[in-house]
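See structure below.
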Amino acid sequence: MLGNVINLIQGKVPAFPRFPVNYTIPSIPKLPFLDPITSTILPLDILDPSVKVGIAEPQPEKPIEKQAARLLVIRKRKMKKHQLRKLRKRMLIQWAHRRLIREQRKEKVFQAELLAQIKEAEIFDPEKWVNDFIERSNRHAKLKEREAYYATPEGLRVKLKLINEKKRIKPADWKD
1 MLGNVINLIQ GKVPAFPRFP VNYTIPSIPK LPFLDPITST ILPLDILDPS VKVGIAEPQP
61 EKPIEKQAAR LLVIRKRKMK KHQLRKLRKR MLIQWAHRRL IREQRKEKVF QAELLAQIKE
121 AEIFDPEKWV NDFIERSNRH AKLKEREAYY ATPEGLRVKL KLINEKKRIK PADWKD
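Numbered according to UniProt numbering, the sequence shown spans residues 1 to 176.
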């Protein structure tokens, strides 16, 4: 043994024995495992790590849930807000210019309408307008009188005769 230590100090590797030596290490004996829920004894091969058990892929019955879906929604909203801010900053001058042109067009149309109203007011003749109004009201009164006349039994006969004359129905064909 002293020779081995001297060989190690000198840097020489000791010779290994030709036959492997088996060592036995004391261990706790395997006892059956008691399932605490069902109070049944489980077989030892389930607990033995040397036995390889194949694990099958689970069959998904329902689609896999998205985790943190709400966070994704919030993130998208924040990104849209960020992009909108960038767009506004970039397009501020162009949008202002378009708005100005739009307002100028509206102003031109408004000014043209005002000029047309002014020309119409210059052409307006109040005496002619009053005469037209009186004529229209007289015509309307005559129509009212005629409608009142045709509402009477005698007027209905006259109206029917006029209608039959227009249709060229002979007086012998229509009944009184």
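Just so you know, even glycine gets a beta-carbon here, dropped at the ideal spot from N, CA and C. These numbers were taken from a predicted model, which means no experiment stands behind them.
- Boundaries of the alpha helix (DSSP H) around D132: P126 to A151.
- I55: not part of any alpha helix (DSSP H); DSSP gives it neither H nor E.
- Taking C-beta separations shorter than 7 Å and ignoring five residues to either side along the sequence, D132 has no partners in its chain.
- Taking 8 Å as the upper bound for CB-CB distance, Y150 and L143 are not in contact here, some 11 Å apart.
- Here A112 carries a helix assignment [DSSP, helix/strand/coil].
- In this structure, the CA atom of Q111 is about 11 Å from the CA atom of I118.
- It is roughly 37 Å from the alpha-carbon of E147 to the alpha-carbon of I123.
- In the three-state scheme derived from DSSP, where H, G and I count as helix and E and B as strand, E61 is classed as coil.
- Across the structure, E165 and K159 are spaced so that their CA atoms are roughly 10 Å apart.
- Looking only at K76, P153 and K161, the smallest Cα-Cα distance to A68 is reached by K76.
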